[in-house]
Every structure is written in C-alpha cells, then in structure tokens.
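Participant: In terms of our numbering, the sequence shown opens at residue 643 and continues consecutively.
By construction, the Cβ of each residue, glycine as well, lies at the ideal position given by its N, Cα and C atoms.
Can you read through this structure? Questions will come right after.
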Amino acid sequence: MTSYDYDLITIGAGSGGVRASRMAAGTGARVAVIESLRTGGTCVMRGCVPKKLLVYGSHFAHDFEDSLGFGWQQAKPDFHWTKLIDAKNKELDRLEGIYHTLLKNAGVEELMGKGKLVGRHEVEVNGRILSAETILIATGGWPTLPEIPGIEHAVTSNEALDLPTLPKRIAIVGGGYIAVEFAGIFNALGSEVHEIIRAEKVLRGFDDAMRTGLQEELIKKGIQIHNGVNVTRIEATEAGAFTLGFDVGAPLQVDLVMYATGRAPNTQGIGLETAGVATNGKGAIAVDGFSKTNIDNIYAIGDVTDRINLTPVALAEGMAFVDTVYRNTPTAADRENVASAVFSQPPIATVGLTEHEAVAQGPIDVYESSFTNMKHSLSGRDEKSIMKLIVDQKTDRVLGCHMLGSDSPEIIQGIAIAVKCGATKAQFDATIGIHPTAAEEFVTMRQKRV
Ligand code: NDP
C-alpha cells in the first residue's frame, strides 16, 4: 500500500477550503491546508465581510438624513474614513484568528505559502513536496481587468477596501454585484460616484423589474450612471487625477478608477497541467456533480470551478465533498433555488427564477408591488421598494421571488425556505402577515399583473 503524508491536502483556505478541511479532519482524516494570502480567503478577507462592514458604515449617512423627519436636529456628525478602515481591519484580524483556531482545534495543519501540484498526489509548498491520497483545490477567484491603455491606474475591490483616503470623485467600471455595492458605499460616504456600464442597465441576469428599480434609486441618490459606453483608455493627469476616455461621449476626470468587471478562477501557477487536471472553456477547473475533476483523486470546489460563485454554495460543495469522500455517501451539492443578495443601497434579494427565465418554461402569473416604505412617510425619502412573485399557472408553485428595498436580504432568506419547499401561491396567501412590515406584502399580493 502507498503511504501518503496526509489523507487530504487542500489548496486554499477560503470559506470552502476551510470548511472541507475541518469536516474531513472531523472524520479522522489527516489534513493539511495551504494558503498563500490570508486564512479566510476572499469572502472573509477581501469580499463579503469587509464589504458588508463598509455598507453598514456608509448607510448611517442615509439614517442621519432620514432622522430629521422624526424630530432629530442637525443629525450630520463628522465621518472619518481611516477610523472605519481601522475598525474593519481589526475585525478582519479577529476573524482570521478565529479561522486559525478553528483549523487547529479540528486538527488541520495550516501551511502558509503557495501550493502547487507537482503530481497527481504531490503538492509543493515552500520548496517541500508533500503527498496526499486526495487533493482538494479551493483557490477561489481574482478580479479581472480588460486590457486597455492605462489599466494599470485602476484599482479593484481588493484595494478599494483599504484606500488610504476617501476619493472625492470615483469612476466604477462595471454593473455587477461588486460595482453597485461599492457605488452605494462611496456615494453614501460623500464621494462623487460615476458608474460606467456598457449595457443599458446594471445587474445583468437579475429580474428586470429589480434592475430598473435599482438603477432609478441609484440615480436618485446622485450616482451618475454612464450607460451604453466603453472605457477606451485611462490617463493619469499631473494633478494626480485620472481621465477616462470613452468610445462615445466626452472624457471624464476622477480621482480614483475602480474596475469591477468580473472575476476569474485562480488556476494560474498551481500546477494543473503537471497533474493533468482539465479546465473548461472558461478557464475554470472542470468537475462533475460531486466536484471531482478528470483526475480520480483530485477535487475542486468554490469559485475556482465557476459554478455559482457564492460563499454558501462553496460551503455546501465542501460539505458534499466530505460526505462523498470521507463519509461514504456520494453527495452532489444542491444548487436549485439558491437565494442571493446584492448589498446595494437599497439592497436586492432574490430566490428562484426571474420572470424572463420563468416565461421560457411555461405560462406564469406575476404579482408585483411597488410602494414607499412606511419609514419614508416621515423621512420624506423618495425611495420605492419593489416586490415580485412569479407563479406557475399550472401548479400554483412560487417559482421566483424578488425584492428591492430595505432589509430585502433578511426577508428573502426566510422566503427562500418556502420556495425551496415548493410552496404554492395559495400557501403564501394563507400565511398571515406581520403588521406593519414591508415583508407582509409577500403574503398579501392578490392582484395578478396584467
Ligand atoms: P459580475 O460578473 O457580477 O459583473 C461584471 C460586470 O462587469 C457586468 O456588469 C459586466 O457587464 C461588466 N463587464 C465585464 N467585462 C467588462 C468590460 N470589459 N468592460 C466593461 N464592463 C465589463 O462581476 P463582479 O465582479 O461584480 O462579481 C463577481 C462575482 O462575485 C459575482 O458574479 C458574484 O458571484 C460574486 N459576488 C457576490 C456578491 C454577493 O453575493 N453579494 C458580492 C460580490 C461578488 P455586462 O453586464 O454588460 O456583461
């Protein structure tokens, strides 16, 4: 029998890699996890967590404005960017410590360095070659930038989370999750924000009503959306600013250029070719339903496989991998009706099919409601919430549920359980609402949209 140094080596200590490593160790496997940056990975160190802390921090600006309608006076305290960044960094240090402890307590050995496959069972790290019966690749993704002149002047979300000062004027290129979330942060904190999108509307792939509704809200908040344009060049000015040139329209001058034009799987320099691991046409590691690559003992989970690039999905894939390999229960992660949220201001949350997707599958009824949140009857804020239910005409099942508005991520998480359970519109209607809330609208929509 061949003896290996470990039962499992995981390359990448992000959400998926840490979860899989810990759970595998819990079954008695000897596990090592290799990380080249910070334990916790994109979500905890460079993504979801620091971003959400900045969303919280920036949203106070809207709360102070809103409070005036409720009798508060002169509610505009000073804001210090560096204090927010310092507090955020302190929290990330704390979380990283927790991750180290979780791994240690689970008996997982952490190795800092870049892991590289040098064989089907061998991984090189810091000049040492270690062997394992099974290898799990969980190296995540990294921002991608188009090749245009001057692109070296642009930052990505990685740097935007750690800027030394708050930019007076910022151009954010892209209209996806990251772009609209950062547009909201910088806008609320007082920057002049220009969002540059090549499409007509932000958030391609989301339900059209949410896309239109969010775009209108962003504009009302003062975010300048330049749609239907492409950036052709970026030039640094002598005064330390940057000029963006477009394929149509006049150039734009800003103090910071941020690109949020998508992310690519982290597959470079990890030895995929040496081990013979195949990638798909988009450069992601190709896997089967059980996250197994074309090599029998090598698996891959999370963003490096470019399936649904969300932390909770990577966690589910990590758990399914452990069930499959260490618990003798082949399990495919369930990717149906995965809820997600965009932490724009206001946020969007969604589960199930968009109207566009549902129509393609058969006849549907649509229930849609647009209203002003009760809070804004006194705050005076001109902000619309939108809710939408998409119902299968034949089965009465709710196929999709979408919301733009305050607290939508918190509301949709609960609704996602009902959708996952196959709830019908009649069951939504039979549910008694909680009054007065925005959420109750989901159980009181009776009028089909014509
Ligand atoms: P997305 O894929 O969501 O959006 C990319 C955006 O960039 C689109 O608007 C796209 O435009 C635009 N774009 C792409 N290439 C170019 C180009 N060459 N020039 C101009 N615009 C371009 O990517 P993100 O970077 O925002 O996020 C990456 C992934 O991270 C998401 O898909 C998501 O899975 C995950 N994520 C999830 C979050 C959450 O759950 N809250 C938060 C942040 C990230 P077009 O529409 O025209 O193609």
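1. What first and last residue would you give for the alpha helix (DSSP H) that runs through Thr953?
2. For the alpha helix (DSSP H) that contains Ala1096, what are its first and last residues?
3. Could you give the residue range of the alpha helix (DSSP H) that holds Phe828?
4. Mapping the DSSP letters down to three states, classify Leu726 as helix, strand or coil.
5. When you compare only the Cα positions, how much space is there between Asp849 and Gln1035?
6. Once DSSP output is grouped into helix, strand and coil, what is the label at Asp850?
7. State buried or exposed for Met754, treating a residue as buried only when at least 16 other CB atoms are found within 10 Å of its CB.
8. Return yes when at least one heavy atom of ligand 1 lies under 6 Å from the C-beta of Arg905, else no.
9. Thinking C-beta only, is Val929 closer than 7 Å to Ala666?
10. Exposed or buried, what is Glu837 when buried is set at 16 or more other beta-carbons lying within 10 Å of its beta-carbon?
11. State yes or no: is the C-beta of Ala991 within less than 7 Å of the C-beta of Ser1048?
12. Do the CB positions of Met1016 and Pro954 come within less than 7 Å of each other?
13. Roughly how many whole angstroms lie between the Cα atoms of Arg680 and Ala974?
14. Would you call the CB atoms of Ile839 and Ala825 closer than 7 Å?
15. Which same chain residues end up closer than 8 Å to Arg969 when comparing Cβ atoms and leaving out the 5 residues on each side of it in sequence?
16. Cβ of Ser982 within 6 Å of any heavy atom in ligand 1?
17. Given a threshold of 16 other Cβ atoms within 10 Å of its Cβ, counted over all protein chains shown, does Ile922 qualify as buried or as exposed?
18. Can you tell which of Gly769, Ser1011, Ile779, Pro893 has its C-alpha closest to the C-alpha of Gly944?
19. Take Leu696 as the anchor and find which of Val993, Ile727, Ser982, Val1001 has the nearest alpha-carbon.
20. Are the beta-carbon atoms belonging to Leu995 and Tyr1009 less than 7 Å from one another?
21. Closest to Asn800 by C-alpha separation, out of Thr684, Val1033, Leu759, Phe721, would be which residue?
22. Quick test of the definition: if touching needs 3 or more C-beta pairs under 8 Å, does the region 771 to 789 touch the region 647 to 665?
23. Return the bridge partner residues of Trp784 from the DSSP annotation.
24. With a cut-off of 8 Å on the beta carbons, I'd call Gly960 and Arg661 a contact; round off their distance for me.
25. Please state whether the Cβ-Cβ distance between Met852 and Leu1041 is less than 7 Å.
26. State the start and end residues of the unbroken alpha helix (DSSP H) segment that holds Gly659.
27. For Leu787 and Pro907, I'd like the C-alpha separation in whole angstroms.
28. Is Asp897 near ligand 3, with its Cβ less than 6 Å from a heavy atom?
Facilitator: Taking the coordinates as given:
1. As a working note, residue 953 is residue 311 in the sequence shown. Run containing Thr953: 953 to 968, per the alpha helix (DSSP H) assignment.
2. With the chain represented from 643 up to 1092, any question about residue 1096 goes unanswered, as that position is not in the structure.
3. In the sequence shown, counting from the first residue as 1, residue 828 sits at position 186. 819 to 830 is the span of the alpha helix (DSSP H), which, as asked, contains Phe828.
4. On the sequence shown, residue 726 is found 84 positions in, with the first residue counted as 1. Three-state DSSP puts Leu726 in a helix.
5. By one-based count along the sequence shown, residue 849 stands at place 207. By one-based count along the sequence shown, residue 1035 stands at place 393. Using only the alpha carbons, I get a separation of about 19 Å.
6. For this step, residue 850 is matched to residue 208 along the sequence shown. DSSP places Asp850 in the helix class (H, G or I) of the three-state scheme.
7. Against the sequence shown, residue 754 aligns to sequence position 112. So Met754 ends up on the exposed side.
8. Counting from one through the sequence shown, the residue named residue 905 turns up at place 263. Yes, the beta carbon of Arg905 sits closer than 6 Å to at least one heavy atom of ligand 1.
9. Sequence index remark: in the sequence shown, residue 666 carries index 24 (1-based). Sequence index remark: in the sequence shown, residue 929 carries index 287 (1-based). No. Outside cutoff.
10. Counting from 1 along the sequence shown, the entry for residue 837 is found at position 195. By the C-beta density criterion, Glu837 is buried, having at least 16 other C-beta atoms within 10 angstroms.
11. Mapped onto the sequence shown, residue 991 falls at position 349. Mapped onto the sequence shown, residue 1048 falls at position 406. Judged by their CB atoms, Ala991 and Ser1048 are not nearer to each other than the 7 Å cut-off.
12. For the purposes of this step, residue 1016 is taken as the residue at position 374 of the sequence shown. For the purposes of this step, residue 954 is taken as the residue at position 312 of the sequence shown. Their beta carbons are not under 7 Å apart, which means Met1016 does not touch Pro954 by this criterion.
13. On the sequence shown, position 38 is the one that residue 680 refers to. On the sequence shown, position 332 is the one that residue 974 refers to. Taking the straight line joining both Cα atoms gives about 28 Å.
14. For the purposes of this step, residue 839 is identified with residue 197 of the sequence shown, where counting begins at 1. For the purposes of this step, residue 825 is identified with residue 183 of the sequence shown, where counting begins at 1. Cβ atoms of Ile839 and Ala825: not closer than 7 Å.
15. The sequence position of residue 969 within the sequence shown is 327, counting from 1. Closer than 8 Å at the Cβ level, and outside the excluded window around Arg969, lie Thr669.
16. Position 340 of the sequence shown, counted from the first residue, corresponds to residue 982. Relative to ligand 1, Ser982 has its C-beta within less than 6 Å of a heavy atom.
17. Residue numbering aside, residue 922 sits at position 280 when the sequence shown is read from its first letter. Residue identity check: residue 922 is Asn in the sequence provided, not Ile. When all chains shown are included, Asn922 counts as exposed.
18. Numbered from its first residue, the sequence shown carries residue 944 at position 302. Looking from the CA of Gly944, the closest CA among Gly769, Ser1011, Ile779, Pro893 belongs to Ile779.
19. Position 54 of the sequence shown, counted from the start, is the residue given in the question as residue 696. The candidate whose alpha carbon is nearest that of Leu696 is Ile727.
20. What you label residue 995 is simply residue 353 of the sequence shown in a count that begins at 1. What you label residue 1009 is simply residue 367 of the sequence shown in a count that begins at 1. In this structure, Tyr1009 does not lie closer than 7 Å to Leu995 by Cβ.
21. For the purposes of this step, residue 800 is taken as the residue at position 158 of the sequence shown. The shortest C-alpha separation from Asn800 is found at Thr684.
22. Enough Cβ pairs lie closer than 8 Å, so yes.
23. In the sequence shown, residue 784 corresponds to position 142, counting from 1. Trp784 is bridged by DSSP to Ala906.
24. Numbered from its first residue, the sequence shown carries residue 960 at position 318. Numbered from its first residue, the sequence shown carries residue 661 at position 19. With a Cβ gap of about 4 Å, Gly960 and Arg661 count as contacting.
25. Locating residue 852 in the sequence shown gives position 210, where the first residue counts as 1. Locating residue 1041 in the sequence shown gives position 399, where the first residue counts as 1. Pairing Met852 with Leu1041 gives a Cβ-Cβ distance that is not under 7 Å.
26. Position 17 of the sequence shown, counted from the start, is the residue given in the question as residue 659. That run of the alpha helix (DSSP H) goes 657 to 668.
27. Translated into positions along the sequence shown, residue 787 becomes position 145. Translated into positions along the sequence shown, residue 907 becomes position 265. Using only the alpha carbons, I get a separation of about 13 Å.
28. As far as ligands go, the structure on display features ligand 1 and does not contain ligand 3.
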